[in-house]
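Let me begin by presenting the structure, written as structure tokens, before commenting on it.
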Amino acid sequence: IHGHEAAVVAGAFVLLARVTQAHDQPAFLLLTKHSLEQVGNGGAVVEAQNDGEEVKTAALTATDDQFWKFVGDNANGFQVVSRSGKMLYASSTAKNGMLHAAATPTNSNTTFVVQTTTNTTYADGFVLSPKQNTAVYMNQWGGAGTGKSLGLWDDRADENQPFRLVSEADYL
């Protein structure tokens, strides 16, 4: 692996991202395994709360609310679904919109794309954006730590946005 290519191979889970000079949208090959979404700054994982509540960062407890599967593709958008059956959605796709998870989302803001980050500290990470607005990114509200709500922010280089996918076998 060299240049703008990155790969993470973990058991049956493969994430392959290839970034070219022409565009910065990674091409993903995701098998059907649930993985942790680990935020670079602070190392917390993304966790669904009670049905319909805001998604928050948490210490790893290996519950079904902490493992996520990306269903779809980056061109058409992914639905991000927890092992507990809750789908990620945004209250709004504008800056300051908040991320929620529910078995039945209350709106249609359920499609996301993954992009490279411009943050140099977590340069190997990615950012998650609503398909309808790729100029805002999933962000730990109020800085790193556990118990932080996740919302949308418009600075692609912000240190509270990059995340990586980690297989259960590699994290535990």
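Using the working numbering, the first residue of the sequence shown is number 62, and each one after it goes up by one.
For every residue, glycine included, the Cβ atom is placed at its ideal position computed from N, Cα and C.
Distance between Asn180 and Gly158, taken at the CA atoms: about 21 angstroms. For the beta strand (DSSP E) assignment, the uninterrupted runs of no fewer than 3 residues enclosed by the region 104-190 are, from N- to C-terminal side, 106-108, 117-119, 128-134, 138-143, 148-151, 160-163, 173-177. In this structure the region 195-203 does not touch the region 133-141; the number of beta carbon pairs closer than 8 angstroms is below three. Leaving aside the five residues that flank Thr207 on each side, the residues in its chain whose CB is nearer than 6 angstroms to its CB run, in chain order, Ala105, Thr118, Ala119, Ala120. Val107 sits buried, since 16 or more C-beta atoms from the chains shown fall within 10 Å of its C-beta. For Arg225, the enclosing beta strand (DSSP E) starts and ends at 224-228. Using a Cβ distance threshold of 8 angstroms, Asn135 and Tyr150 do not count as a contacting pair. One thing to note: Ala123 has its Cβ no nearer than 8 angstroms to the Cβ of Lys147. Taking C-beta atoms as the reference points, Phe224 and Phe173 fail to come closer than 8 angstroms.
For Glu98, the enclosing beta strand (DSSP E) starts and ends at 96-100. Non-local C-beta neighbours of Asp126 in its own chain, meaning closer than 6 angstroms and more than five positions away in sequence, comprise Glu108, Ala109, Ser143, Ser145, ordered along the chain. In this structure, Thr177 keeps its C-beta atom at 8 angstroms or more from the C-beta atom of Gln222.
By the beta-carbon neighbour count (other beta carbons within 10 angstroms, threshold 16), Asn168 is exposed.
In this structure, Glu98 sits away from Leu213, with a CB-CB distance that is not shorter than 8 angstroms.
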